[in-house]
Structure formats: C-alpha cells, structure tokens
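Here is the structure we will look at, set down as structure tokens.
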Amino acid sequence: MTVRTTFRLAEFDLAQNELPTPEELAENIDDDKFITRKIGEDPVSGEELEYLEKGRDIYYESERDSHNFCYFTYVTDTDESFRIRNENNEEVEENETVLESSFVVYFDTGEFVFQTRQDMAEAWIPAFIAEVSDLNVDNDYFTRKSFDQGTIEQIYKRSDAVSKISFNHPSDNGDLSGSSLDGDMEYLAEICEGLTFSTGQGEGDLSGNSIIDSAVEALEVKQLNTKKGDENTVTVKESGRLTISWNENDWGEDVAARNRAQTIRSRVRPYL
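Residue numbers for the sequence shown, in the numbering used here: 11 to 282.
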C-alpha cells in the first residue's frame with residue numbers, strides 16, 4: 011500500500027529546558043487511556059458531549075543524526091455531519107462522533123510535524139503534547155512554520171530533479187523590469203496571477219533550465235516538487251507543508267510503527 015499524505019511543520023516557542031524530551035513524551039503518552047480534549051454540546055440533540063483523545067503506536071529513537079525523536083499516532087473524536095432521508099422523505103441533518111487520526115513526529119529541538127486532516131484543528135496536537143507533558147503554556151506557545159523564499163531557493167538548488175514548480179508575483183509587487191527574466195517571461199509574470207511549470211507524468215527535470223532558474227530568483231515560489239536520489243517526490247509548499255509518500259506493502263504489523271516513524275522522520279527532517 012502506498013501512503014501519500016501532507017504534513018504541517020511547527021515548533022514550540024519554549025526554552026529548551028521547558029521542552030519535553032522525545033523520551034519523556036513517549037513515556038508520558040498512555041496508549042491505553044483516552045483523555046478529555048473538551049466538553050461540548052451535541053449539535054443535534056443539545057446534550058453534553060465529551061470529546062476524547064489519546065496517542066498510540068508510540069515509537070522512540072535516540073542517537074539518530076544527533077536528533078532524538080518520538081513518533082505516535084494521535085487519535086481524537088470529531089464531529090461528522092451528513093444529510094439523510096427520513097421516513098417522511100424529508101431531508102434531515104444527522105451528526106455522529108467519529109475517530110480521526112494523524113501521524114506525529116516530535117524532535118528534541120521542540121520542532122514537530124503532524125499529518126493534516128480536514129476535520130482536525132491544527133492546535134489540537136500541540137495542545138495534546140502540552141497536556142500530557144504538563145507544560146504551563148498560554149495561547150502563543152507554538153508556531154506554524156513556513157518557508158521563506160531564500161530557503162525554497164536553496165531547496166531548489168539542492169534538488170536532483172524538479173517535476174513541478176508554481177510561482178506568484180513577488181509579494182511586494184515590485185517592478186520586474188531589470189530582473190533576470192527574459193522579455194516574454196517578464197511579460198507573463200506581470201499579467202498572470204500565477205505561473206506553473208510541470209513535467210506531467212514524465213521523467214523530465216525543470217531544474218537547471220535558465221528560464222526556471224531566473225524565475226526562482228525573481229518571483230515568489232509557492233510550491234516545488236523536488237526529488238533527491240531514488241527517493242519519492244516531496245512537495246514543498248511555501249505555507250510550511252510537505253507532501254510525502256512511502257510504500258508499506260512489506261511491513262508486518264509488528265514493525266509498522268517503527269518503519270513508519272523512521273520513514274516519516276527521514277523524509278521531513280531535511281526541511282526543518
């Protein structure tokens with residue numbers, strides 16, 4: 011089975027001595043125990059509803075490239091709404107509580123990545139880590155990371171191959187005259203809301219092309235599909251999201267958590 015998913019990069023805004031170590035986090039997560047995330051109200055019945063959360067499939071590893079890490083799967087209750095037809099052939103709204111999950115990798119630097127899910131708020135996972143670690147935090151205790159243009163340009167230059175790249179006009183809306191873009195490209199950049207170049211399903215490589223090189227220097231890169239060696243393509247977004255993929259076909263249940271943890275860690279670590 012091939013897994014392809016998007017991760018959000020983030021970090022705790024705490025002093026190093028306030029951060030839980032990956033080993034401490036792994037020990038603090040009880041995979042047999044749900045804890046309360048919040049007390050809410052059922053949107054249909056109005057009754058009190060308890061939303062629970064926990065971590066499972068916990069894996070801790072030390073002494074890997076000088077960065078210890080903890081992996082776990084975050085699980086929580088979420089609301090799912092849908093419409094059905096009742097016995098009177100009327101459309102009515104129904105709601106039920108379902109479990110949603112997200113892969114999480116936490117590093118000893120306080121940086122962490124988590125799988126983005128449509129029905130999960132991005133604040134839930136850092137709040138869970140803070141709760142099980144007994145952190146004394148306020149509303150501004152973590153930051154959603156993003157990639158500045160200098161970093162994206164370096165990622166582009168280090169890539170062995172680039173299969174897709176998307177540009178916007180520079181955020182300062184500066185004059186592109188005198189830039190490294192040639193005349194036609196400069197004209198397109200001026201009149202278009204965005205520009206995207208892609209090799210499609212082919213094996214081509216956009217990197218090293220003089221037009222693309224000039225555009226990377228002059229425009230704002232929003233998305234980059236990059237590849238290193240024989241690894242699968244990684245999609246890097248300016249917003250601080252990475253889309254990665256891996257294959258779990260040969261993984262037994264007894265090694266799935268370890269293999270998944272090591273795979274996610276190896277894919278995302280170069281971008282932190």
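Using N, Cα and C, we set each Cβ at its ideal position, and we do this for glycine too.
How big is the Cα-Cα spacing for residue i and residue j?
| i | j | result |
| --- | --- | --- |
| Y69 | R95 | 45 Å |
| E37 | E230 | 43 Å |
| W261 | R66 | 18 Å |
| E258 | V265 | 10 Å |
| F22 | L29 | 8 Å |
| N99 | T46 | 38 Å |
| L62 | T245 | 32 Å |
| I64 | E213 | For clarity, residue 64 is Lys in the given sequence; the question names Ile instead. If I take the Cα positions, the gap works out to 42 Å. |
| V172 | S208 | 9 Å |
| A140 | M130 | 17 Å |
| Y151 | F17 | 19 Å |
| K247 | K232 | 6 Å |
| F44 | L109 | 12 Å |
| I165 | A137 | 31 Å |
| S249 | G50 | 31 Å |
| L305 | Y197 | Residue numbering for the chain in the displayed model covers 11 to 282; residue 305 lies beyond these limits and cannot be assessed. |
| D40 | W134 | 17 Å |
Since residue i is in the beta strand (DSSP E), which residue starts that stretch and which ends it?
| i | result |
| --- | --- |
| L62 | E58 to E71 |
| N78 | No beta strand (DSSP E) contains N78, which DSSP labels as neither H nor E. |
| R279 | Note, R279: premise wrong, no beta strand (DSSP E); not H, not E. |
| K178 | Residue identity check: residue 178 is Asn in the sequence provided, not Lys. It spans A171 to N178 - the beta strand (DSSP E) in which N178 sits, taken as one unbroken run. |
| F22 | T12 to F22 |
| K48 | I45 to E51 |
Whose CA, out of the options, lies closest to the CA of residue i?
| i | options | result |
| --- | --- | --- |
| F177 | D144, L234 and M130 | L234 |
| Y331 | V114, S72, L59 and E51 | One cannot answer for residue 331 here, as it falls past the ends of the chain, which runs 11 to 282. |
| I221 | T206, E213, F82 and Q211 | T206 |
| T236 | V226, S249, A225 and D215 | D215 |
| F117 | S169, T31, T153 and S156 | T31 |
| I6 | T153, I135 and S224 | Not covered by the structure: residue 6. The range shown for the chain is 11 to 282. |
| N227 | C80, F79, E241 and M195 | Residue identity differs from the one stated: residue 227 is Glu in this sequence, not Asn. Comparing Cα-Cα distances from E227 to each of C80, F79, E241 and M195, the minimum goes to M195. |
| T243 | V278, T153, E263 and N219 | V278 |
| D148 | P280, L24, L282 and M11 | L24 |
What residue does the alpha helix (DSSP H) around residue i start on, and which one ends it?
| i | result |
| --- | --- |
| L35 | P32 to N38 |
*Considering only residues of the segment 194-262, which uninterrupted beta strand (DSSP E) runs meet the minimum length of 3 residues and lie entirely inside it, listed in chain order?*
Under the rule that a run must span 3 or more residues, the beta strand (DSSP E) segments found entirely inside the segment 194-262 read 204-208, 230-237, 244-247 and 251-257.
*Specify whether the segment 198-207 and the segment 246-259 touch according to this definition: at least 3 beta carbon pairs, one from each stretch, less than 8 Å apart.*
Here the segment 198-207 does not lie against the segment 246-259, with fewer than 3 beta-carbon pairs under 8 Å apart.
*In the segment 99-168, which residue ranges form an unbroken alpha helix (DSSP H) of at least 4 residues, counting only runs that do not cross its ends?*
The alpha helix (DSSP H) runs of length 4 or more contained entirely in the segment 99-168 are, from start to end of the chain, 134-142 and 159-168.
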